[in-house]
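K.L.:
Here's a structure for you.
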Amino acid sequence: MSDSSEARERVLQAAAALFRDRGYLSVTMNDIAAVLNVRKASLYYHAPQGKDQLYTEVMMRMLAEIGDGVRSALAAAKPDLRSKLTAIALFHVTHLPFDTSRLFRTDIRALPPEYAYEVLMAGNAAIFEPVTTLIEAAQTRGEIREVDAHMVAVTFIVSVQSLHEESEYKHKPIEGLADQLVRLYMDGLRA
218 MSDSSEARER VLQAAAALFR DRGYLSVTMN DIAAVLNVRK ASLYYHAPQG KDQLYTEVMM
278 RMLAEIGDGV RSALAAAKPD LRSKLTAIAL FHVTHLPFDT SRLFRTDIRA LPPEYAYEVL
338 MAGNAAIFEP VTTLIEAAQT RGEIREVDAH MVAVTFIVSV QSLHEESEYK HKPIEGLADQ
398 LVRLYMDGLR A
């Protein structure tokens, strides 16, 4: 593998694909080396602290992309809560699947504290805070009743992302699924 930013980028992309698909605990440096067809030792040139450093760098990049995408989606949406939630839902279901549950449930907990905190803060900022902020603002305006805004954000995002996993939804128009989920959150189950 050459000593260039191009080689480093290939390492980061290979690691990103593996970590996204399998999670931190199920990926080894040997796995990443095998995908790249290089010796494991060459990976340490690009990530001297090893897997922890590589995972953190990859996740920080992914989370920054998610945050940017969510901000762009929100900026393009109409100002009402339903439209903003739909924009967030559509962003998440139309991009590569990202297992937020695994990130917070197992991956972050397996990292050393100095890396875990960095990923935790970035994850909250990119994934949950946009929804939490929308819910809190809607409560302040009197549009919705008082709820735990962060809990709503977590359940909403996990529900949206689970649409990637459910095989029966894979062949349905994604816009309709996102809209249906937002209607469920906004209107409940009442007839």
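According to this note's numbering, the sequence shown is numbered sequentially starting from 218.
All C-beta atoms in this analysis are idealised placements derived from N, C-alpha and C, irrespective of residue type, glycine included.
Computed from a predicted structure; not experimentally measured.
Would you check if there are 3 or more beta carbon pairs closer than 8 Å linking the segment 322-337 to the segment 273-289?
P.N.:
The answer is yes - the segment 273-289 touches the segment 322-337, with three or more Cβ pairs under 8 Å.
K.L.:
What number of angstroms, rounded off, separates the C-alpha of R239 from the C-alpha of D316?
P.N.:
Their backbone Cα atoms lie some 9 Å apart in a straight line.
K.L.:
For E392, does the three-state DSSP call read helix, strand or coil?
P.N.:
E392: helix per DSSP, three-state reduction.
K.L.:
Mapping the DSSP letters down to three states, classify Y241 as helix, strand or coil.
P.N.:
Y241: coil per DSSP, three-state reduction.
K.L.:
Since I305 and A292 should fall inside the 8 Å C-beta cutoff, what is the C-beta to C-beta distance between them, to a whole number of angstroms?
P.N.:
That belief does not hold up - the Cβ atoms of I305 and A292 are roughly 12 Å apart, past 8 Å.
K.L.:
Need the endpoints of the alpha helix (DSSP H) that H381 sits in, please.
P.N.:
First-last for H381: undefined, no H or E at that position.
K.L.:
With 16 other CB atoms within 10 Å as the buried threshold, where does D404 fall?
P.N.:
That one is exposed.
K.L.:
Quick one: measure Cβ to Cβ for L229 and V310, integer angstroms, because I've assumed they're closer than 8 Å.
P.N.:
Not confirmed; about 25 Å, so no contact.
K.L.:
So, with DSSP's three-state summary, where would you put D324?
P.N.:
Here D324 sits in helix by DSSP.
K.L.:
For the putative contact between L235 and V255, defined by C-beta atoms under 8 Å, what is the C-beta separation to the nearest angstrom?
P.N.:
About 14 Å separates the two Cβ atoms, so there is no contact after all.
K.L.:
Helix, strand or coil for S221? Go by DSSP, reduced to three states.
P.N.:
S221: coil per DSSP, three-state reduction.
K.L.:
Please say whether R362 and L313 have beta carbons closer to each other than 8 Å?
P.N.:
No, they are not a contact pair.
K.L.:
Give every residue of the same chain whose Cβ lies closer than 6 Å to the Cβ of S221, excluding the five residues on either side of it in the sequence, and list them in chain order.
P.N.:
So no residue of the chain qualifies.
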